[in-house]
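Numbering (our numbering), first residue to last: 3 to 338.
In this text, a Cβ means the ideal position worked out from N, Cα and C, and glycines have one as well.
Remember, it's a predicted structure, so these values are computed and weren't measured experimentally.
Following: one structure in structure tokens, then a few remarks.
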């Protein structure tokens, strides 16, 4: 709110960031908050966006985020996708002129909690080289899906399409540690294990070679080309009135209503059977056994509910400095 957001929008952004920290995804949590404040102060993040419908059909819609916080736009899109799926079986909502929205799994899980299979695709800044190429020409575009279950944690799969996140590489550079082979190219396109090369214009590599590249490219089609953002995001922002530098991110939110295909109870039974088959494949002697997507994050969230949300000291220091600059009370030490 001190940065200019409405109370409702500030609460939405905070909820998304705390969700990530609670689930052990610190790269998408409160550590990113100083960046939000910086962009608000620089005028590259709209504090009072006019998030509005551009087009609205029975099962599909397009929403313009007006360069505001991505979480605000994303929540409206996810909720509208659920409404449309309840009416039509499937709902798909595209967002243009949006910005960073935190962890995609937050919105996928929101849809799953409504009895939907929720999917989220987003563009990302170009930080990745194509397989066989060089240079930052493609985002490590993320994909998230959440599937509802009855008693077990929802199946939540949330991934980026690079071998490693840029923040991990930057963290290795700060620690003076090399990164593994296959993570990075330098600015000339040579393989590198020096994380400093990323800071000097190098590029991340897609996971799985051509497979990760192919997925990132398809996600660019959906969340970038189809929504009118991606490479043409700046031009689209100008055409729709977004301020310079705002709104270069696109998203897709797709909700599939399980009840349109089978009774939800029957689906839950089948999901329990699928989980049982995976767990039965535990390898003797394996330390953790088979862990389904979302289980580890769910356990972290339960731990955070009991003990508080853990924050790294450097994150606390950054938040304290930010609070001081804004003239507000600093966060408490230890956990939130």
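Of the listed residues 107, 316, 321, nearest to residue 177 (C-alpha basis): 316
Cβ separation of residue 255 and residue 83, assumed to be a contact under 8 angstroms, to the nearest whole Å: About 4 angstroms; that satisfies the 8 angstroms criterion.
Delimiting residues of the alpha helix (DSSP H) encompassing residue 324: 315 to 328
Start-to-end residues for the beta strand (DSSP E) that takes in residue 58: 54 to 58
For residue 75, the first and last residue of its enclosing beta strand (DSSP E): From DSSP, residue 75 is part of no beta strand (DSSP E) but of the alpha helix (DSSP H) over 72 to 90.
Range covered by the beta strand (DSSP E) that runs through residue 124: Per DSSP, residue 124 belongs to the beta strand (DSSP E) from 118 to 124.
Which of helix, strand or coil DSSP assigns to residue 19: helix
Residue 225, DSSP secondary structure in three states: Three-state DSSP puts residue 225 in a helix.
Rounded separation between residue 72 and residue 101 - CA only: 4 angstroms
Assigned exposure category for residue 111 - 16 Cβ within 10 Å defines buried: buried
Inter-residue Cα distance where the pair is residue 207 and residue 253: 22 angstroms
C-beta contact flag for residue 92 and residue 231 at 7 angstroms: no
Check whether residue 196 and residue 277 have beta carbons under 7 angstroms apart: no
Proximity to residue 65 [Cα-Cα], best of 74, 140, 53: 53
Nearest-angstrom Cβ-Cβ length linking residue 146 and residue 94, presumed shorter than 8 angstroms: Not quite, the Cβ-Cβ distance comes to about 15 angstroms (not below 8 angstroms), so this is no contact.
Per-residue DSSP class, three states only, for residue 305: helix
One or two residues paired with residue 259 in a DSSP bridge: Residue 259 pairs with 118.
Buried or exposed by the 16-neighbour rule on C-beta atoms within 10 Å, applied to residue 347: Nothing can be reported for residue 347, as the shown portion of the chain is limited to 3 through 338.
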